[in-house]
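**Q**
In this note's numbering, the protein residues as written are 50 to 227.
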């Protein structure tokens, strides 16, 4: 277990010197939904200082092909969720091949790296960094698995959204075809 205090500059100013057990979670959170909020709440139980590592817009465009909500809006919303102490935006470049949050974990060195939904030790690239720095990894954080998905929300909305032109048709069958 990691007994050292976090070393990330922004966190260290708030957490070091105080009996803080730092927990980190990461994700795109685009758009934010109830599963994310539940994950933050449960992750917080593993410590007393929750840091959300937020994947930037470059990461989202590379991973999903789009960014639905701008990173600054996602960051501000998450910063205002009760129990979240800090949000760190990743520094992924436009054409990066590293889609992990390993660099952020190296800088932050939290006590715990909490993963929600469908993440497991055999499908995340951060395992080696966590082992190197003695960061405890916990999985299935949230409401017992993946209860919602940002991609599901957007897909379902786009499949069923009414058209904005005033017709009675679904958008996908009307103006989306024009």
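Where is the CB? At the ideal position from N, CA and C, for every residue including glycine.
1. Beta-carbon within less than 7 angstroms of residue 168's beta-carbon, same chain only, minus the 5 sequence neighbours each way: which residues are those?
2. Assign residue 177 to buried or exposed, taking buried as 16 or more other Cβ atoms, counted over all protein chains shown, within 10 Å of its Cβ.
3. Which runs of the alpha helix (DSSP H) spanning at least 4 residues fall entirely within the stretch 82–111, listed in chain order?
4. Taking its Cβ as the centre, do 16 or more other Cβ atoms sit within 10 Å of residue 79, making it buried, or is it exposed?
5. Provide the residue span of the alpha helix (DSSP H) that contains residue 128, from first to last.
6. Quick check on residue 222: does DSSP put it in helix, strand or coil?
7. In chain order, what residues of the same chain have a beta carbon less than 7 angstroms from the beta carbon of residue 151, not counting five sequence neighbours either side?
8. Does DSSP put residue 143 in a helix, a strand or coil?
9. Quick one: give me the first and last residue of the beta strand (DSSP E) that residue 187 is part of.
10. Out of curiosity, what's the CA-to-CA distance linking residue 76 and residue 211?
11. Going by C-alpha to C-alpha distance, which of 88, 153, 89 and 109 sits closest to residue 233?
12. Going by beta carbon distance, what residues of the same chain come within less than 7 angstroms of residue 119, once the five residues before and after it are set aside?
13. State the CB to CB distance for the pair residue 88 and residue 74, rounded to an integer number of angstroms; the pair is presumed to be in contact (CB under 8 angstroms).
14. Give the DSSP-derived three-state secondary structure of residue 133 in the structure shown.
15. If you drop the 5 nearest sequence neighbours on each side, which residues of the same chain put their C-beta closer than 7 angstroms to that of residue 123?
16. Starting from residue 170, follow the alpha helix (DSSP H) in both directions and report where the run begins and ends.
**A** On the basis of the coordinates in this document:
1. 188
2. exposed
3. 83–93
4. buried
5. 120–128
6. helix
7. 174, 175 and 178
8. coil
9. 185–190
10. 30 angstroms
11. Nothing about residue 233 can be reported from this structure: the residues present for the chain run from 50 to 227 only.
12. 106
13. 6 angstroms
14. coil
15. 78, 79, 81 and 103
16. It is not in any alpha helix (DSSP H) - residue 170 carries neither H nor E in the DSSP assignment.
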